[in-house]
Amino acid sequence: MSTSPRWDESEIIEFVSLVAGGQSYCLEITQIREIRRWSSVTPLPYSERSVLGVMNLRGAVIPIIDLSEKLSLGPTDPTERHVIIVVANKDRTIGLLVDSVSEILTVKGEAIRETPNVKGESSIKAISGLLSIEEEMSRVIDLGALLPGHQDEAA
Amino acid sequence: MSESLRDMFFAECEDLLDALSEGLARMGEGTQDGETVNAIFRAVHSIKGAAGAFGLEAIVGFAHSYETVLDRVRSGELEPDAETLRTIIRSSDVLSDLVDAARNDRDDTPEAMGPLLEALTALSAASAHAAPARPAGEAAVFEPMAAMPIAILPIEGQEARFAIDFTPERSLFDNGHDPARLLKALGALGRLDLLCDTAAIPVLGTFDPEEPFLSWRMVLEGDIAEGEIRNVFSFVEGLCRLSVIRLDDDAPAPFDVCAEAPRIAAEEAKPDPVPVPPMPGPDDPGEPGATAARSTPSASAPPPSAAPPAGANSAARPTLRVDPERVDRLINTVGELIINQAVISQRLAALGAEPNSEIMGDLDDYRHLARDIQEGVMAIRAQPVKPLFQRMGRIIREASEALGKDVVMVTEGEGTEVDKTVVERLADPLTHMVRNAVDHGIESIADRRAAGKPDQGTVRLLAAHRSGHVHIEISDDGGGLHRERIFQTAVDKGLIPPDAKLTESEIDNLLFLPGFSTASKISKLSGRGVGMDVVKTAITSLGGRVTIASRPGAGSTFSITLPLTLAVLDGMIVTVAGQTMVLPLHSILETIRPNTRDVRPLGAEGHVLSIRGSYVPIISLAHVLGLSDEPFDPQSCIFVLIRTEGSSPVSLAVDSISDQRQVVIKSLEGNYGTIPGISAATILGDGKIALIVDTDTVVVLAAQNPSIQMFRNKDESHEHLAALG
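Sequence order for the protein chains is A and B. When you line the first sequence up against the UniProt record's numbering, it's residues 1 to 155, in that order. When you line the second sequence up against the UniProt record's numbering, it's residues 1 to 725, in that order.
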């Protein structure tokens, strides 16, 4: 299995690992603005199933997306124990609903494996690499692919 | 060249072009004075100078020809007649086009530039002294200003003497100029005798170190033209008082340099820097010798700055250039403050604080202060509509020229201030309406004569604040709307049935229907495939309304009413399927709690509401927005009658109405995207987000799918809407 071409082999990257839809994922720490507890949202009409609604983040209106649903792992039933990861993607700020946040991982670029092609799985387009953590596999989320630009989503 | 410098240059250019068109407008009205022409000249000159620094040769070349002509007007050599004035005004349009092209990195030249350059050259060549205008693009390198060819060249071998009086004003120093440099430059032109007048320096006790007190009287002798001298001072025009008088050969010097003290003479050949203090400072309140020159205590001699500044009427008020984003952040924060106040108020009430207790009183003060801050911040974003109106002046000029009509623009209330975004987004619809007014409104000269009207048509632009709104009117004194033709066109295009009975205003409003274009022959000007419906959409998207009034033979008036700001909105707070939502107040006609028998089913699933003898369709907001999967029960609803794009009102069914108040608009587009039926969001007193309903699109959504109100299944409705696309 080859190294993911996205990162240099010697580059040191920090990830935050999280659980969504029962699977382990991780996000580059530089993309994360803050992590907060779930609070109820205002649903939006005509939104994708994965868009739970909008919430007030100190005066900014940010959409909250159910990461599990977005990755086709089924809807999450949000409770007090769920967590929202506020991420910045290009010029937009978005909240991702996840089951839990685990830890911060520091890895070298060479440790990130390329995502193999799995037939019939469209959601893996949003996974830019794979990481092994203590016998477990964590999937690196590509925010750009997961949350495309305005045009794609407004439709 | 760095981007930020470039940006600054274009921002400067915009200001200068504004000043230019303002001055030209005044010239056009015939209300100019000497300073107006000076201001115009300065604007063009500064654009040329700055453009040169950026190597924008097309601008430099054109501005140079332009400035040459303006300089002749300024010096009184050229008396501008109507034709010259037109050339001058059209040149400002071309100059602004050139700046625009440079900003967008295009190097195409405006069509009108060639003929205008010729006209300008002709105007500048009319005098024997005139320097040949440089063709555009020839100026390969920018030359420093002092070396620029100027309008009046020295006449060979002729010695001339000039008396020069130069009194810098405070603004000269504020702008970083140094008189010593200017004097040195003068000294380089010829033999300079110079006297520094220190009479204005006050006694030390009243001395203000920031005020200038010195002035200079000079006699300059040599092979010099007056223009060369003026050129030295070209960058401090308006910042000083300057007089340059040519002396006859045997006329006595206006002062005897040798007799007065202190004598500061420039050396004959290559003078050293003139030894005068560049600026009176606290550490050199004038040389000791200066006191001798003072005959009376200075208390009686007013300091130069006390005199009215030369360019008082045109000198720009000091303004602050601020990144709009910073202001927006401030507006957001103030919005938060107001929401925060509402939260505290609710919390206190929940804790059992009496409404007239001290703490509630204090909180009320807090609210007033927050509102004051909000108003103040909003005022930062407010801009006068003047530049917008001036742009319309250009549109009218071009349109009337293209159509061979004589149209003059009259403006009123151009100082009216409107939110910056509103001003920006009004430009397109206004352009369209003004073009229409010239094209379709004003008749041809022959028709006007036949109707007993003056040849010159008038388009009036009016702006005013009326009851918390901005009111803008575009009226013409043309032929008015041809109602029969409008009606016929609408019938021909299948927009209305041929037997429709419409009132006059309903016919007028047909203009706003999509796919309507009245011009029987598509003219080059207005027939650009966009109709008045685009105008209406643009104005509606600003939360405004547009109406028409027209009298046959006397002209038409288009009235636009806009909210003062886009940051807040007067809204009605309603509950829809358990969600709090906001309906914009400007679209609400009335609210109705109906009797059971007022709601009648129509068709399998539809309902109508009977009000005062007419039937109004009912739209369930919850169902249109896909928020409810319960069957629609009209009996438990309250109805809000709203006006719509079309003529007949519609009633929206909501669960309850809780309040009516101002809400701060938060865009959803930045982080999410557009949502059908929703225009924006707001944050309520409890920190929760409420969506603001876009009533017009709700009506459209419901009309596209009449059965929508009865969807039982949320997902099904989603699929339907996806299909609607």
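For every residue, glycine included, the Cβ atom is placed at its ideal position computed from N, Cα and C.
In chain B, which residues lie with their C-beta within 7 Å of the C-beta of residue i?
{"i": "residue 63 of chain A", "result": "671 and 672"}
So what does DSSP say about residue i, is it helix, strand or coil?
{"i": "residue 64 of chain A", "result": "strand"}
{"i": "residue 138 of chain A", "result": "strand"}
{"i": "residue 492 of chain B", "result": "helix"}
{"i": "residue 7 of chain B", "result": "helix"}
{"i": "residue 681 of chain B", "result": "strand"}
{"i": "residue 269 of chain B", "result": "A caution first: residue 269 of chain B carries a pLDDT of 42, below 50, which makes its placement in the model unreliable, though a value can still be read off. Correct three-state label for residue 269 of chain B: coil."}
{"i": "residue 354 of chain B", "result": "coil"}
{"i": "residue 432 of chain B", "result": "helix"}
{"i": "residue 570 of chain B", "result": "strand"}
{"i": "residue 80 of chain A", "result": "coil"}
{"i": "residue 177 of chain B", "result": "coil"}
{"i": "residue 104 of chain B", "result": "coil"}
{"i": "residue 483 of chain B", "result": "helix"}
{"i": "residue 306 of chain B", "result": "Annotation note: pLDDT 39 at residue 306 of chain B (below 50); position unreliable, no value reported."}
{"i": "residue 224 of chain B", "result": "coil"}
{"i": "residue 464 of chain B", "result": "strand"}
{"i": "residue 66 of chain B", "result": "helix"}
{"i": "residue 418 of chain B", "result": "strand"}
{"i": "residue 590 of chain B", "result": "strand"}
{"i": "residue 384 of chain B", "result": "strand"}
{"i": "residue 549 of chain B", "result": "strand"}
Along chain A, in chain order, which residues have C-beta atoms closer than 9 Å to that of residue i?
{"i": "residue 689 of chain B", "result": "41, 42, 53, 54, 55, 56 and 61"}
{"i": "residue 627 of chain B", "result": "43 and 45"}
{"i": "residue 579 of chain B", "result": "42 and 43"}
Whose Cβ in chain A lies nearer than 7 Å to the Cβ of residue i?
{"i": "residue 666 of chain B", "result": "61"}
Taking Cβ to Cβ, would you say residue i is nearer than 8 Å to residue j?
{"i": "residue 172 of chain B", "j": "residue 239 of chain B", "result": "yes"}
{"i": "residue 330 of chain B", "j": "residue 377 of chain B", "result": "yes"}
{"i": "residue 40 of chain B", "j": "residue 63 of chain B", "result": "no"}
{"i": "residue 649 of chain B", "j": "residue 642 of chain B", "result": "yes"}
{"i": "residue 146 of chain A", "j": "residue 98 of chain A", "result": "no"}
{"i": "residue 72 of chain B", "j": "residue 237 of chain B", "result": "no"}
{"i": "residue 339 of chain B", "j": "residue 588 of chain B", "result": "no"}
{"i": "residue 46 of chain A", "j": "residue 626 of chain B", "result": "yes"}
{"i": "residue 245 of chain B", "j": "residue 189 of chain B", "result": "no"}
{"i": "residue 727 of chain B", "j": "residue 456 of chain B", "result": "Here chain B has residues from 1 to 725 only, and residue 727 of chain B is not among them."}
{"i": "residue 463 of chain B", "j": "residue 414 of chain B", "result": "yes"}
{"i": "residue 93 of chain A", "j": "residue 86 of chain A", "result": "yes"}
{"i": "residue 548 of chain B", "j": "residue 602 of chain B", "result": "no"}
{"i": "residue 619 of chain B", "j": "residue 577 of chain B", "result": "no"}
{"i": "residue 563 of chain B", "j": "residue 471 of chain B", "result": "no"}
{"i": "residue 24 of chain A", "j": "residue 136 of chain A", "result": "yes"}
{"i": "residue 624 of chain B", "j": "residue 609 of chain B", "result": "no"}
{"i": "residue 419 of chain B", "j": "residue 381 of chain B", "result": "yes"}
{"i": "residue 127 of chain A", "j": "residue 140 of chain A", "result": "yes"}
{"i": "residue 6 of chain A", "j": "residue 144 of chain A", "result": "no"}
Which residues in chain B sit within 9 Å of residue i, going by Cβ to Cβ distance?
{"i": "residue 94 of chain A", "result": "671 and 672"}
Please list the partners that residue i has in chain A, where partner means a Cβ-to-Cβ separation under 8 Å.
{"i": "residue 676 of chain B", "result": "45 and 46"}
{"i": "residue 681 of chain B", "result": "42, 54 and 61"}
Exercise. Along the region 330–350 of chain B, what residues have a CB closer than 9 Å to any CB found in chain A?
Worked result: Only 332, 333, 335, 336 and 339 from the region 330–350 of chain B bring a Cβ to less than 9 Å from some Cβ of chain A.
For this session: For the region 214–222 of chain B and the region 189–203 of chain B, state whether three or more C-beta atom pairs, one from each stretch, are separated by less than 8 Å.
Result: The region 214–222 of chain B and the region 189–203 of chain B touch, with no fewer than 3 CB-CB distances between them shorter than 8 Å.
Problem set entry | Inter-stretch contact at 8 Å, needing at least 3 Cβ pairs: the region 541–556 of chain B / the region 475–488 of chain B | By the criterion of at least three beta-carbon pairs nearer than 8 Å, the region 541–556 of chain B is in contact with the region 475–488 of chain B.
Problem set entry | Meets three-Cβ-pair contact criterion under 8 Å: the region 93–108 of chain B and the region 9–22 of chain B | Contact holds: three or more Cβ-Cβ distances are below 8 Å.
Exercise. How about the region 486–499 of chain B and the region 561–577 of chain B: do they share at least three Cβ pairs that are nearer than 8 Å?
Worked result: These segments do not touch.
For this session: Report yes or no: do three or more beta-carbon pairs, one from the region 72–88 of chain A and one from the region 30–47 of chain A, lie closer than 8 Å?
Result: The answer is yes - the region 30–47 of chain A touches the region 72–88 of chain A, with three or more Cβ pairs under 8 Å.
For this session: Report yes or no: do three or more beta-carbon pairs, one from the region 674–693 of chain B and one from the region 53–63 of chain A, lie closer than 8 Å?
Result: At 8 Å Cβ cutoff, the stretches touch.
Problem set entry | Three CB pairs or more closer than 8 Å across the region 52–66 of chain B and the region 26–37 of chain B | In this structure the region 52–66 of chain B does not touch the region 26–37 of chain B; the number of beta carbon pairs closer than 8 Å is below three.
Problem set entry | At least 3 beta-carbon pairs within less than 8 Å: the region 4–19 of chain B vs the region 79–87 of chain B | In short, these stretches do not touch, since the Cβ pair count stays below three.
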